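S.K.:
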Amino acid sequence: MSVDETAPLRVLVVDGNPHARADVISLLETSDELEVIAETSTGPDAARLAERLRPDIVLLDPAAASQAAPLSRSSRVFLLAAPEDPTVPTALRNGACGHLTPGAFTVRDLIRSLRDASRVSLGLSAREAEVMDLIASGRSNGEIARQLFLSEKTVKNHVNRIYSKLGVGSRATAIALWRGMVSVLPAQD
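In structure tokens form, the structure reads like this:
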């Protein structure tokens with residue numbers, strides 16, 4: 001996979017209800033930041049598609065929640081379910097990053113959830129996450145410093161701590177991790 005910070009995030013949508021699946025796909029297609037690369041109605045099909053296509057994000061309906069664990073090894077997984085749905089806690093324990101309520105979330109909500117999940121799983125502080133958001137949007141250190149009212153040296157210190165925490169040596173790889181493209185990194189021993 002190419003580590004290109006301008007490439008849209010690749011999404012696999014898994015929902016047994018064809019109308020609900022079409023609604024989610026229609027929502028996602030309104031964004032230049034996301035690209036639906038496949039859709040399916042079943043968990044086993046999702047696992048096969050994810051193995052072959054390596055999506056950045058998988059959106060699962062509760063019927064496919066049992067696939068959260070294997071899918072979360074190479075993708076950020078979000079369950080499409082109401083908060084009170086009994087599958088939510090199990091899916092979260094099995095590797096899902098979070099859940100989104102069908103019909104009530106926006107593209108911005110999905111991207112915000114993805115970034116929040118990345119921040120927590122990557123161990124960044126709130127300020128480092130703010131700097132990383134600006135890096136991912138293409139800002140230079142000088143631009144970040146001006147926007148956050150920091151010195152450029154402070155921004156460089158934040159960037160160095162971010163690289164250290166992420167175990168990366170380049171902006172492109174840091175952005176790929178931040179955007180949830182975990183499959184681009186080699187396995188760590």
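Going by full-length UniProt numbering, the residue at position 124 of the sequence shown is 124; the numbering climbs one at a time, nothing skipped.
A virtual CB, placed ideally from N, CA and C, is assigned to each residue, including glycine.
Being a predicted model, the structure only gives us computed values, none of them experimental.
How many angstroms separate the CA atom of arginine 52 from the CA atom of leucine 12?
M.R.: One-based indexing of the sequence shown puts residue 52 at position 52. One-based indexing of the sequence shown puts residue 12 at position 12. Going from the Cα of arginine 52 to the Cα of leucine 12 covers about 11 Å.
S.K.: Assuming arginine 139 and alanine 129 are in contact, meaning their beta carbons sit under 8 Å apart, how far apart are those beta carbons, in whole angstroms?
M.R.: Indexing the sequence shown from 1 puts residue 139 at position 139. Indexing the sequence shown from 1 puts residue 129 at position 129. Not quite, the Cβ-Cβ distance comes to about 14 Å (not below 8 Å), so this is no contact.
S.K.: Could you compute how far the alpha carbon of alanine 176 sits from the alpha carbon of glutamine 147?
M.R.: Walking along the sequence shown from the start, residue 176 turns up at place 176. Walking along the sequence shown from the start, residue 147 turns up at place 147. The straight-line gap from Cα to Cα measures roughly 23 Å.
S.K.: Please list the segments of the alpha helix (DSSP H) lying wholly inside the segment 140-171, counting only runs of 4 or more residues, in order along the chain.
M.R.: Those alpha helix (DSSP H) runs which fall completely within the segment 140-171 and span 4+ residues are 141-148, 152-166.
S.K.: Going by DSSP, what residues sit across from arginine 10 in a beta bridge?
M.R.: Sequence index remark: in the sequence shown, residue 10 carries index 10 (1-based). Paired residues: Glu35.
S.K.: Give a yes or no on whether the C-beta atoms belonging to alanine 38 and glutamine 67 are separated by under 8 Å.
M.R.: Within the sequence shown, the letter at position 38 stands for residue 38. Within the sequence shown, the letter at position 67 stands for residue 67. No. Outside cutoff.
S.K.: With C-beta atoms as the reference, is proline 62 less than 8 Å away from glutamate 35?
M.R.: For the purposes of this step, residue 62 is taken as residue 62 along the sequence shown, with counting starting at 1. For the purposes of this step, residue 35 is taken as residue 35 along the sequence shown, with counting starting at 1. In this structure, glutamate 35 does not lie closer than 8 Å to proline 62 by Cβ.
S.K.: Can you confirm whether leucine 12, when its beta carbon is compared against all beta carbons of chain B, has any partner nearer than 8 Å?
M.R.: Here chain B cannot be found, since the structure has a single protein chain.
S.K.: With DSSP as the reference, label threonine 40 as helix, strand or coil.
M.R.: Here residue 40 refers to the residue found at position 40 when the sequence shown is read from its first residue. Of the three classes helix, strand and coil, the one that applies to threonine 40 here is strand, per DSSP.
S.K.: Which residue spans inside the segment 94-149 form an unbroken alpha helix (DSSP H) run of at least 4?
M.R.: Fully enclosed alpha helix (DSSP H) runs of 4 or longer: 107-122, 126-136, 141-148.
S.K.: CA-CA distance, aspartate 15 and proline 83?
M.R.: Mapped onto the sequence shown, residue 15 falls at position 15. Mapped onto the sequence shown, residue 83 falls at position 83. For aspartate 15 and proline 83, the distance between alpha carbons rounds to 17 Å.
S.K.: Would you mind sorting proline 55 into buried or exposed? The rule is 16 or more other CB atoms within 10 Å of its CB.
M.R.: For this step, residue 55 is matched to residue 55 along the sequence shown. Its Cβ being crowded by 16 or more others within 10 Å, proline 55 is buried.
S.K.: Mind checking which residues open and close the beta strand (DSSP E) that includes arginine 76?
M.R.: As a first step, residue 76 must be located in the sequence shown, where it is residue number 76. That run of the beta strand (DSSP E) goes 76-80.
S.K.: Is the distance from the Cβ of arginine 179 to the Cβ of alanine 117 below 8 Å?
M.R.: Your numbering for residue 179 matches position 179 in the sequence shown. Your numbering for residue 117 matches position 117 in the sequence shown. Going by C-beta atoms, arginine 179 is not nearer than 8 Å to alanine 117.
S.K.: In the DSSP assignment, what residue or residues form a beta bridge with isoleucine 57?
M.R.: Sequence index remark: in the sequence shown, residue 57 carries index 57 (1-based). Isoleucine 57 pairs with Val11, Arg76.
S.K.: By Cβ distance, which residues of its chain are closer than 7 Å to leucine 49, with the 5 residues on each side in sequence left out?
M.R.: The residue you call residue 49 lines up with position 49 of the sequence shown. So the list reads Leu12, Ala38, Thr40, once near-sequence residues are dropped.
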